[in-house]
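In my numbering, the protein residues as written are 3 to 355. Working notes, beginning with the structure itself.
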Amino acid sequence: MANTVNPGQPRQAFINQLMGGNDFQQKHVVDMHGRTAIITGGTRGIGYEVSKSLALAGARVIMVSRKPENGDEAIQAVRQAASEVEGHDGKIDLSFVACDFGNLNAVRDLAAKLSKEEERIDILINDAGIGIAAYELDDNGIERIFGVNVVGHFYFINRILPALRRTAQKFNITPRLISLTSNLHKATPSSTRFASLEEINTPGLRSDVYYDRSKLAIILYIKQLVARAIEPYPEKIIALSVHPGAVATEIQEQIKEAFGSVLGTVLVTLQKPLLRNVDEGSLGTLWAAVSPEVEDKGYQGVYISDPGVVGGETEQAKSEELGVNVWNLCEGLIKQILGPDAMLGWGEGSKGA
Numbered sequence: 003m004a005n006t007v008n009p010g011q012p013r014q015a016f017i018n019q020l021m022g023g024n025d026f027q028q029k030h031v032v033d034m035h036g037r038t039a040i041i042t043g044g045t046r047g048i049g050y051e052v053s054k055s056l057a058l059a060g061a062r063v064i065m066v067s068r069k070p071e072n073g074d075e076a077i078q079a080v081r082q083a084a085s086e087v088e089g090h091d092g093k094i095d096l097s098f099v100a101c102d103f104g105n106l107n108a109v110r111d112l113a114a115k116l117s118k119e120e121e122r123i124d125i126l127i128n129d130a131g132i133g134i135a136a137y138e139l140d141d142n143g144i145e146r147i148f149g150v151n152v153v154g155h156f157y158f159i160n161r162i163l164p165a166l167r168r169t170a171q172k173f174n175i176t177p178r179l180i181s182l183t184s185n186l187h188k189a190t191p192s193s194t195r196f197a198s199l200e201e202i203n204t205p206g207l208r209s210d211v212y213y214d215r216s217k218l219a220i221i222l223y224i225k226q227l228v229a230r231a232i233e234p235y236p237e238k239i240i241a242l243s244v245h246p247g248a249v250a251t252e253i254q255e256q257i258k259e260a261f262g263s264v265l266g267t268v269l270v271t272l273q274k275p276l277l278r279n280v281d282e283g284s285l286g287t288l289w290a291a292v293s294p295e296v297e298d299k300g301y302q303g304v305y306i307s308d309p310g311v312v313g314g315e316t317e318q319a320k321s322e323e324l325g326v327n328v329w330n331l332c333e334g335l336i337k338q339i340l341g342p343d344a345m346l347g348w349g350e351g352s353k354g355a
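Here's what the structure looks like:
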């Protein structure tokens, strides 16, 4: 079925090929009828473009974000887009659920709701997050960027993973789990250890440090997830981390908040000529979510920066020690906040558990 194509997509596809990737565009998204995708952060920016593309291709799409009004606006926008696509019948299966990933109780409730109500979950895309923003703590007492970008989604994965396993068992397919990260993980200070809440909550660091280290942690926990919760069990699930490139989204407004109106405006203005639009920025995530090439080539736990461009993360992002630290820190914080029984066993729902 035809999908919308922004004029910038062919340009980005050409650049991707020059970088060793392929010419994947939104129009290459396969027929997704019968599939279900959950997209956190699915109402704005890259998440919205991914939601729209999958919905136009026939998938049942569930968008998750903090603000209900964003969900209403996104649904109306996708419906309008569907009406403008030649050959599309205008029918889409798109819904919205509100959740603040800085509240672990809300995350647990969300996972329980989706696991109960959805017969299948074929694709999980973790895109909700906070960019370079001013220092504050979330509802759980964790530095907010790390709490939302890392701990909240780590817990969501733990609670929703049995539903992905159920999908693999019942429908004999390979669900995909994708967490968005950033090339800025490369700027994480070498002193970062992910050793304690005190380290995470250290005030007074540059605003970008909080963001950069959260994106490093995402790459690390995806690799640990594969080793601990996917490869030891018979159900095949693909887990990947994706860097979408430098994209013009609402995160630029957070930069202004973090650095102040004057310096923040200067930084955003300097960035603009180098930024991709959200259509272009969505391509790596879409490719990771739907391309047969991902499974055909056996990609698992890898870092993707563009369609077909695999690898390139730092040695820090490959560190087993840091990966274990992130994993243990997230588990420890969740149990400390919600109680010792808050986490499901990582083999929950597996026939091999």
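Ideal placement from N, C-alpha and C gives every residue a C-beta, glycine not left out. Remember, it's a predicted structure, so these values are computed and weren't measured experimentally.
message: Across the segment 308-318 and the segment 71-78, are there enough close Cβ pairs to call them in contact, namely three or more that are closer than 8 Å?
response: no
message: Going by DSSP in three states, alanine 197 sits in which element: helix, strand or coil?
response: To locate residue 197, count along the sequence shown from 1; it is residue 195. Annotated three-state conformation of alanine 197 is coil, per DSSP.
field: DSSP beta-bridge partners of serine 243
entry: For the purposes of this step, residue 243 is taken as residue 241 along the sequence shown, with counting starting at 1. For serine 243, which the question treats as bridged, DSSP gives the partners Ser181, Tyr305.
query: With DSSP run on the structure shown, which of helix, strand or coil describes valine 326?
result: Counted from its first residue, the sequence shown places residue 326 at position 324. In the structure shown, valine 326 sits in a helix (DSSP, three-state: H, G or I).
Length of the line joining the Cα atoms of leucine 277 and aspartate 210: Indexing the sequence shown from 1 puts residue 277 at position 275. Indexing the sequence shown from 1 puts residue 210 at position 208. Reliability of the predicted coordinates at leucine 277 is poor, the pLDDT of 49 falling under 50, and no value is obtained from them.
message: In whole angstroms, give me the CA-to-CA distance for proline 294 and leucine 56.
response: On the sequence shown, position 292 is the one that residue 294 refers to. On the sequence shown, position 54 is the one that residue 56 refers to. Distance between the alpha carbons of proline 294 and leucine 56: 15 Å.
query: Is the Cβ-Cβ distance between isoleucine 159 and valine 52 less than 9 Å?
result: Here residue 159 refers to the residue found at position 157 when the sequence shown is read from its first residue. Here residue 52 refers to the residue found at position 50 when the sequence shown is read from its first residue. No. Outside cutoff.
- prompt: What did DSSP end up calling isoleucine 132 once you bin it into helix, strand or coil?
  reply: In the sequence shown, the residue the question calls residue 132 occupies position 130. Coil.
message: Measuring CB atoms only, is the segment 208-227 touching the segment 187-195, in the sense that at least three cross pairs come out at less than 8 Å?
response: yes
query: Three-state secondary structure (DSSP) at alanine 39?
result: Locating residue 39 in the sequence shown gives position 37, counting from the first residue. Alanine 39 falls in the strand class under three-state DSSP.
- request: Assuming tyrosine 157 contacts valine 328 (C-beta within less than 8 Å), just tell me the rounded distance between them.
  value: The residue you call residue 157 lines up with position 155 of the sequence shown. The residue you call residue 328 lines up with position 326 of the sequence shown. Between valine 328 and tyrosine 157 the Cβ distance is about 13 Å, and since that is not below 8 Å, they are no contact.
- request: Could you check what DSSP says for valine 99 in three-state terms: helix, strand or coil?
  value: Numbered from its first residue, the sequence shown carries residue 99 at position 97. Of the three classes helix, strand and coil, the one that applies to valine 99 here is strand, per DSSP.
message: Cutting at 6 Å between CB atoms, please list the residues of its own chain near threonine 42, excluding the five before and the five after it.
response: Indexing the sequence shown from 1 puts residue 42 at position 40. By the criterion of a C-beta distance shorter than 6 Å, threonine 42 is surrounded in its chain by Val66, Asn128, Asp129, Ala130, once the five residues flanking it on both sides are discounted.
message: Just to confirm, is the Cβ distance from threonine 202 to leucine 331 under 9 Å?
response: Taking the first residue of the sequence shown as 1, we reach residue 202 at position 200. Taking the first residue of the sequence shown as 1, we reach residue 331 at position 329. The residue asked about is misnamed: residue 202 is isoleucine in this sequence, not threonine. For isoleucine 202 and leucine 331, yes; Cβs fall inside 9 Å.
query: How about valine 150 and isoleucine 132: are their beta carbons less than 9 Å apart?
result: Position 148 of the sequence shown, counted from the first residue, corresponds to residue 150. Position 130 of the sequence shown, counted from the first residue, corresponds to residue 132. Cβ distance < 9 Å, so valine 150 and isoleucine 132 count as in contact.
- request: Using a Cβ-Cβ cut-off of 9 Å, state whether leucine 58 counts as contacting chain B.
  value: Of the protein chains in this structure there is only one, and it is not chain B.
- prompt: Which residues mark the beginning and the end of the beta strand (DSSP E) in which isoleucine 64 is found?
  reply: If you number the sequence shown from 1, residue 64 lands on position 62. From DSSP, the beta strand (DSSP E) with isoleucine 64 extends over 62-67.
- request: Leaving out five residues on either side along the sequence, give the residues of the same chain with a beta carbon under 7 Å from the beta carbon of valine 228.
  value: For the purposes of this step, residue 228 is taken as residue 226 along the sequence shown, with counting starting at 1. Excluding positions up to five away in sequence, the list reads Ala241, Gln302, Gly303.
- prompt: Name the DSSP beta bridge partners of glutamate 295, please?
  reply: Residue numbering aside, residue 295 sits at position 293 when the sequence shown is read from its first letter. BP columns for glutamate 295 are empty, so no partner.
- prompt: CB alanine 2 to CB aspartate 91, shorter than 9 Å?
  reply: The chain is shown from 3 up to 355; residue 2 falls before or after that span and cannot be answered.
- request: Identify the continuous alpha helix (DSSP H) that holds leucine 112 and give its terminal residues.
  value: Looking up residue 112 in the sequence shown gives position 110. Taken as a continuous stretch (DSSP letters only), the alpha helix (DSSP H) holding leucine 112 covers 106-119.
message: I want to know whether the segment 228-237 touches the segment 340-349 - three or more CB-CB distances under 8 Å.
response: yes
query: Which two residues bound the contiguous alpha helix (DSSP H) that contains isoleucine 159?
result: Position 157 of the sequence shown, counted from the start, is the residue given in the question as residue 159. Isoleucine 159 -> alpha helix (DSSP H) spans 155-173.
- request: Tell me isoleucine 127's beta-bridge partners as DSSP assigns them.
  value: Translated into the one-based positions of the sequence shown, residue 127 becomes position 125. Note: isoleucine 127 sits in a beta bridge opposite Ile41, Ile180.
field: Reduced DSSP category for valine 152 - H, G, I as helix; E, B as strand; rest coil
entry: In the sequence shown, counting from the first residue as 1, residue 152 sits at position 150. Note: valine 152 maps to helix in three-state DSSP.
task: Please determine if the segment 102-118 and the segment 134-144 are in contact, where contact requires at least 3 C-beta pairs separated by less than 8 Å.
output: yes
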